[in-house]
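One structure is given here, and the rest of the page talks about it.
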Amino acid sequence: MSFLTYLINGLSLGSIYAIIALGYTMVYGIAKMLNFAHGDFIMVGCYIIFSVSGAMSGNSAVGIIVAIILCTLLGVTTEFVAYRPLRGASSPLAVLITAIGVSYLLENIALLIYGADIKSFSSVVKWEGLSLAGGQLQIQGVTIVTIVISVVILIALQLFINRTKQGQAMLAASEDKGAAALMGINVNRTIALTFAIGSALAAIAGALLCSAYPSLSPYTGAMPGIKAFVAAVLGGIGSIPGAMIGGLVLGIVEILSKTYISSQLSDAIVFGILVVVLLVRPTGILGKKVQEKV
Amino acid sequence: MKKFNRVFSAAMAFALSATMLAGCGDTAPASTEGAAETAADAQTDAQASSEAAPAASGATFKFGAIGPLTGAAAAYGNAVVNGAQIAVDEINAAGGIGGYQIEYKGEDDELNAEKSVNAYNTLKDWGMQILIGSTTSACSIAVSENTKADNMFQITPSGSAEDCVKYDNVFRVCFSDPNQGIASAQYINDHNLATKVGIIYDNSDVYSSGIYQKFVEESEGKNYEIVSAEAYTQDNNTDFSVQLQKAKDAGADLVFLPIYYSDASLILTQANTMGYAPTFFGVDGMDGILSVENFDTSLAEGLMLLTPFAADATDDLTVNFVKQYNDKYSETPNQFAADAYDAVYIVKTAMESAGVTPDMSISDMCEALKTAMTQIEATGLTSAKMTWEATGEPNKEPKAVVIKDGAYVSAE
Amino acid sequence: MNKQTKNNLITYGIVIAFYIIFEILILTGHLSSHMKGLLVPMTYYAVIAVALNLCVGILGELSIGHCGFMCIGAFASAFFSKVTEESLPTAPRFILAFIIGIAFAALFGFLIGIPVLRLKGDYLAIVTLAFGEIIKNVINAFYIGIDSNGLHFSMKSSMELGMEKDGNIIVNGAMGITGTPHNSSFTIGIIVLLIALFVVQNLIASRDGRAIMAIRDNYIAAEACGVNVTSYKMMAFTISAAIAGAAGVLFSHNITTLTASSQYFGYNASIMILVYVVLGGIGNIRGSVIAACILYLLPELLRGFSTYRMLIYSIVLIVMMIINWSPKVIEWRKRTFGRFSFKKAGAKEAV
């Protein structure tokens, strides 16, 4: 029974990683850039929900909608101002460093506006959750909601990418920007759309992250962002179902290693497992193997 | 073309650094020879102006404070810098120390010992005579090497590791980590609070693992048993379900949390969700939990902590301090702010007792204060009566408080 | 003298000139304590930037865990210095500390290189990040003490060491190592930097270096030409780790408290080094040194702006990246300043 409890705890953590990883992998898959600031978009989303809900006397629905809209705007603006000028730079590292700059910028703006002290976030999910086996097993409401939302997003993204014209344009742009442009695809607009979707997902992920772990500071997004990035790589970066699986696997592994091996060394174990998985499958669990040509 | 690009990049970098230097020194010459020269010139200027400053401004004491003002630990550093600011303002408004006003400046160290030394050097260039800092243990130890070399008087408000005061010129306001570990173990034993104790501590943090180690050593032969001791790290401080579940499975009826309130607020929330309600027992880092914005204080009901300061105490000193802090920074001060506030007043008391004047050299001032510190008796927010050993350790009584109806109440 | 040798000599010249200028400023008392305190960190960040540039720019593999090697070098050497502080005189002890720090970092570079270099691109980057975090986390759980019975070691807590009363805990988990002798100085830092530059620049100019760069540019073609891809990759990665270890030795002997925390050895710190490398120019060793110095100084010089310091720093970072790397801006620069480029470049050559 206690194993099941731990498994459920792992699932709660994993579902959070999964929903963040979806946004990460979306941007990486299409724009081919590691958006290190993704974690900070999440933090921005949380602060917006926090402020708006506070002003609206606890009405979190409005807060979430405002956060989604503002995060989308933020994502598109960031892409336009900081990332677009560097498209086609001679090294892909240039845009990576700019993303780090954006990450510092957002953290420090939040620090100036909200101060460094943590804020407690009221959960946007009011449902208590399920109680199984006569109350011995508890599944939190936010866990179930997160998993459901992740699956909905997963399906929606898959449908969008495979069934719509815009989605096909995204796929084409991710394969070959030059050729896509020749086919009449507006690459800049397509990538901007990707950022818009990715940032909107960040706002949703932020709402759920802070509902599950209700402490909000300017650095809230940083570590979950990195963990979600690890999850996305574990699942095969660029693969949308892979991000979901990677997130869940990472969460469960983290909890189980803390439980059965050592809570001191859990970070080392989680990263160790990542290394092992990548050695066995060098492109992650669901990653496509790309044959390189001369 | 490639070469031009390189030259251009270098020129851009130089120009940028030159602009920055210009912002720092007063008038950096528009040099394009190279970064080294520009930096050197501007530094010379800065040096000249800093040398000129003390002479021009006349007789004032210069106090400096160091703490993490940005980064993940910014809450603590800001509290220290702001708390000391309030004390300085009060003293200045009341006529200063022996008629001399205090000039005060806080610097950022980003919780990085190397940057803390940089901050110290910056303050030294500014003319600092007394250091209130650093806020955190590792930084404080690193800086103490330098204050020792310069023989500058240092009082750390919150550097609690044993080694913080290993030099005779360093004193502290807060309890030491071992002291807190021992006091907690004794308190739990003496008040029969528990039979089985679980511990959750941060093994990436000097403060937390220091208290943890001493607590475990001291628990030997006490009337309770440690049934679980689980760690977490600052990279992994969102999910505490495992640590709590293990304590619960081991049947712990008291969970000892030698950690800061920011992480503790999450632990309390998660314990509540999983329906686990032992007695939680914290140390001074726990103070501040009630003032976390939007925190459901009912979760902290019954939480006990050994702390020298409680923001809702009703004595005049605390009420006044909390009000001023609130007005100025729209936050409720925590223990860090209180320690820093006390630190400034302690220095004031010591200065008055030693008859220190601003024209004394840093080293003479330090010698005078070192002697005075062992003789004075100070009153402050964190204790009604504090005295110091020559080792730098304070003698004061830890207060045990318990949270009842969203407020601290004395546990005695 | 060919162009490359000349270029290398310019790099040494810049470093030596920098050293002489600052030494004169120190001797004549024109340097503020703040600036004096920054000199040693500047040298070790320049050293690790050179190390990372060897990995990223010359070998062409993105590593975001290089501070892990610095961490190993720092801890190995600090441990040695602490143990032998009483029994050995300073100079030979510090030299031995360097050898030990570098050897350990190189050993781990080699061991970690075996799995890491089998991967490619972003997957390789994330695995280096993983190893950096693993190193940090494991060292945080190390407890090593010494007493009359010899060394005691534990991965759990200091109580498990079972030490005698006369024992001395050297590595105390998260509290790390305190009281490492303060041996690093600006002169030693500059010497280490010059040696690092010498090693890397000679490697680049050698046959091995050309093989490594061939692998970077096209490994399939290089392999087809008979270059042993694996062994050259391992070589470059190990040397890079060893140099990072040397930076670690300087680091641990500069500040007396050494803790394996994120501020110094986490992925964020590694990324900071990567920023130095990218802004200095990928593959441009001299650029790394200059960028490391400027970018380390920048936040320190911004102290006057107090709370807005890091905000300004991040904006400067973004702006610098766009100015230096954006294809459009580069083109615009060419159009606007194109005419002067020849003259400017010529002037630079004359220096």
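Residue numbers (the working numbering), protein chains in the order written: chain C, 1 to 294; chain B, 295 to 706; chain A, 707 to 1057. Backbone N, C-alpha and C define an ideal beta-carbon position, used for all residues, glycine too. All of these numbers come straight from a predicted model, not from anything done at the bench.
Can you look up A:Asn878 in the DSSP assignment and give me helix, strand or coil? Taking the first residue of the third sequence as position 1, residue 878 of chain A is located at position 172. Strand.
Is there a Cβ from chain A that is less than 8 Å from the Cβ of B:Ala432? For this step, residue 432 of chain B is matched to residue 138 along the second sequence. The C-beta of B:Ala432 comes closer than 8 Å to at least one C-beta of chain A.
Closer than 8 Å to chain A by CB, C:Val44: Locating residue 44 of chain C in the first sequence gives position 44, counting from the first residue. No, its Cβ sits nowhere closer than 8 Å to a Cβ of chain A.
I'd like the span of the alpha helix (DSSP H) that includes A:Ile850, first residue to last. Residue mapping note: residue 850 of chain A aligns to position 144 of the third sequence, counting from 1. It is not in any alpha helix (DSSP H) - A:Ile850 instead sits in the beta strand (DSSP E) that spans 849–853.
Could you check whether the Cβ of A:Asp828 sits closer than 8 Å to any Cβ belonging to chain C? For this step, residue 828 of chain A is matched to residue 122 along the third sequence. Closer than 8 Å to some Cβ of chain C, the Cβ of A:Asp828 qualifies, so yes.
Quick one: grab the DSSP three-state call for A:Trp1038. As a first step, residue 1038 of chain A is located in the third sequence; it is residue number 332 there, counting from the start. Assigned with DSSP and collapsed to three states, A:Trp1038 falls in helix.
Beta-carbon gap between A:Gly743 and B:Asn406 smaller than 8 Å: Stepping through the third sequence from its first residue, residue 743 of chain A is reached at position 37. Stepping through the second sequence from its first residue, residue 406 of chain B is reached at position 112. Between A:Gly743 and B:Asn406, the C-beta gap is not smaller than 8 Å, which leaves the two residues out of contact.
C:Lys165 - DSSP class collapsed to helix/strand/coil: Counting from 1 along the first sequence, the entry for residue 165 of chain C is found at position 165. Three-state DSSP puts C:Lys165 in a helix.
Note down, in chain order, all residues in the segment 260–290 of chain C with a beta-carbon under 7 Å from any beta-carbon belonging to chain A. For the segment 260–290 of chain C, which is checked against every Cβ of chain A, the residues closer than 7 Å are Gln264, Leu265, Asp267, Ala268, Phe271, Gly272, Leu274, Val275, Leu278, Leu279, Pro282, Thr283.
Taking 8 Å as the CB-CB limit, is A:His740 close to chain B? Locating residue 740 of chain A in the third sequence gives position 34, where the first residue counts as 1. Taking a beta-carbon distance threshold of 8 Å, A:His740 counts as an interface residue toward chain B.
Buried or exposed (CB count within 10 angstroms, at least 16 for buried), A:Pro798: Against the third sequence, residue 798 of chain A aligns to sequence position 92. Looking at its Cβ environment, which holds fewer than 16 other Cβ atoms inside 10 Å, A:Pro798 is exposed.
Taking only three categories from DSSP, how would you classify C:Leu34? Residue mapping note: residue 34 of chain C aligns to position 34 of the first sequence, counting from 1. C:Leu34 falls in the coil class under three-state DSSP.
What residues in its chain sit with their C-beta under 6 Å from that of C:Phe36, if we drop five residues either side in the sequence? Counted from its first residue, the first sequence places residue 36 of chain C at position 36. Only Ala99, Ile100, Ser103 meet the Cβ criterion.
In this structure, does DSSP put C:Pro241 in helix, strand or coil? Reading the first sequence from its first residue, position 241 is the one you call residue 241 of chain C. Under the three-state reduction of DSSP, C:Pro241 is assigned to helix.
Strictly below 9 Å CB to CB, what residues from chain A border C:Ile252? On the first sequence, residue 252 of chain C is found 252 positions in, with the first residue counted as 1. Those do not exist, as C:Ile252 stays about 18 Å from chain A at its closest Cβ, beyond 9 Å.
Three-way DSSP call (helix, strand, coil) for B:Pro692 in this model: For this step, residue 692 of chain B is matched to residue 398 along the second sequence. Looking at B:Pro692 - three-state DSSP - the assignment turns out to be coil, as it is neither helix nor strand.
Hey, quick one: how far does the alpha helix (DSSP H) through B:Ser410 stretch, first residue to last? Residue 410 of chain B sits at position 116 when you count from the first residue of the second sequence. DSSP places B:Ser410 inside the alpha helix (DSSP H), whose first and last residues are 407–420.
C-beta contact flag for B:Val491 and B:Ile505 at 8 Å: Locating residue 491 of chain B in the second sequence gives position 197, counting from the first residue. Locating residue 505 of chain B in the second sequence gives position 211, counting from the first residue. A distance of 8 Å or more separates the beta carbons of B:Val491 and B:Ile505.
Should B:Thr450 be flagged as near chain C, meaning a C-beta pair shorter than 8 Å? In the second sequence, the residue the question calls residue 450 of chain B occupies position 156. No, because no Cβ of chain C sits closer than 8 Å to the Cβ of B:Thr450.
Cβ shell of C:Tyr28 (< 8 Å), same chain only, five flanking positions each side left out: Indexing the first sequence from 1 puts residue 28 of chain C at position 28. Excluding sequence neighbours, C:Tyr28 sits near Leu34, Asn35, Ala232, Ile237, Gly238.
When you compare the CB positions of A:Ile945 and A:Leu909, do they come within less than 8 Å of one another, or not? Position 239 of the third sequence, counting from 1, holds the residue named residue 945 of chain A. Position 203 of the third sequence, counting from 1, holds the residue named residue 909 of chain A. Less than 8 Å separates the beta-carbon of A:Ile945 from that of A:Leu909.
Every unbroken alpha helix (DSSP H) within the segment 55–134 of chain C, with a cutoff of 4 residues, ordered by chain: Secondary structure within the segment 55–134 of chain C: the alpha helix (DSSP H) runs of 4 or more consecutive residues, fully enclosed, are 60–78, 93–114 (chain order).
Along chain C, in chain order, which residues have C-beta atoms closer than 8 Å to that of B:Gln707? Residue 707 of chain B is absent from the structure shown; chain B starts at 295 and stops at 706.
Closest residue to B:Asp699 among B:Gln395, B:Thr567, B:Met598 (Cα-Cα distance): Counted from its first residue, the second sequence places residue 699 of chain B at position 405. Ranking the options by Cα distance to B:Asp699, first place goes to B:Met598.
Is any beta-carbon of chain A found at less than 8 Å from that of B:Val510? By one-based count along the second sequence, residue 510 of chain B stands at place 216. Yes, B:Val510 lies at the interface with chain A (some Cβ there is under 8 Å from its Cβ).
Just to confirm my understanding: we take A:Leu758, look at its own chain, exclude 5 residues before and 5 after, and list those with CB closer than 6 Å. What are they? On the third sequence, position 52 is the one that residue 758 of chain A refers to. Closer than 6 Å at Cβ, skipping near neighbours: His772, Ile979, Val983.
Let me make sure I understand the geometry here. Which of B:Phe509, B:Gly390, B:Thr527, B:Ala525 has the alpha-carbon closest to that of B:Glu519? The sequence position of residue 519 of chain B within the second sequence is 225, counting from 1. Per the Cα distances, B:Phe509.
C-alpha gap between B:Gly582 and A:Val833, whole angstroms: Counting from 1 along the second sequence, the entry for residue 582 of chain B is found at position 288. Counting from 1 along the third sequence, the entry for residue 833 of chain A is found at position 127. In this model, B:Gly582 and A:Val833 are separated by some 39 Å (Cα to Cα).
Considering only the beta carbon of each residue, do A:Val1025 and A:Leu1001 sit closer than 8 Å? Taking the first residue of the third sequence as position 1, residue 1025 of chain A is located at position 319. Taking the first residue of the third sequence as position 1, residue 1001 of chain A is located at position 295. Not a contact, by the Cβ cut-off of 8 Å.
Closer than 9 Å, Cβ to any Cβ of chain B: which residues of the segment 829–852 of chain A, in chain order? Within the segment 829–852 of chain A, those residues whose Cβ lies closer than 9 Å to any Cβ of chain B are, in chain order, Glu839, Lys842, Asn843, Asn846, Ala847.
Given 8 Å, three or more beta-carbon pairs between the segment 524–531 of chain B and the segment 488–502 of chain B: These segments touch.
How far does the alpha helix (DSSP H) with A:His772 in it extend, from its first residue to its last? Here the question's residue 772 of chain A lines up with position 66 in the third sequence. Boundaries of the alpha helix (DSSP H) harbouring A:His772: 772–789, taken from the DSSP string.
What residues in the segment 677–703 of chain B have a beta carbon less than 7 Å from any beta carbon of chain C? Per Cβ criterion, the list is empty.
Indicate whether at least one CB of chain A lies closer than 8 Å to the CB of C:Ala18. Locating residue 18 of chain C in the first sequence gives position 18, where the first residue counts as 1. Closer than 8 Å: no.
Buried or exposed: B:Lys693, going by 16 or more other Cβ atoms within 10 Å of its Cβ? Position 399 of the second sequence holds residue 693 of chain B. Result: buried.
Is any beta-carbon of chain C found at less than 8 Å from that of A:Leu802? Within the third sequence, the letter at position 96 stands for residue 802 of chain A. By this cut-off, A:Leu802 is not an interface position.
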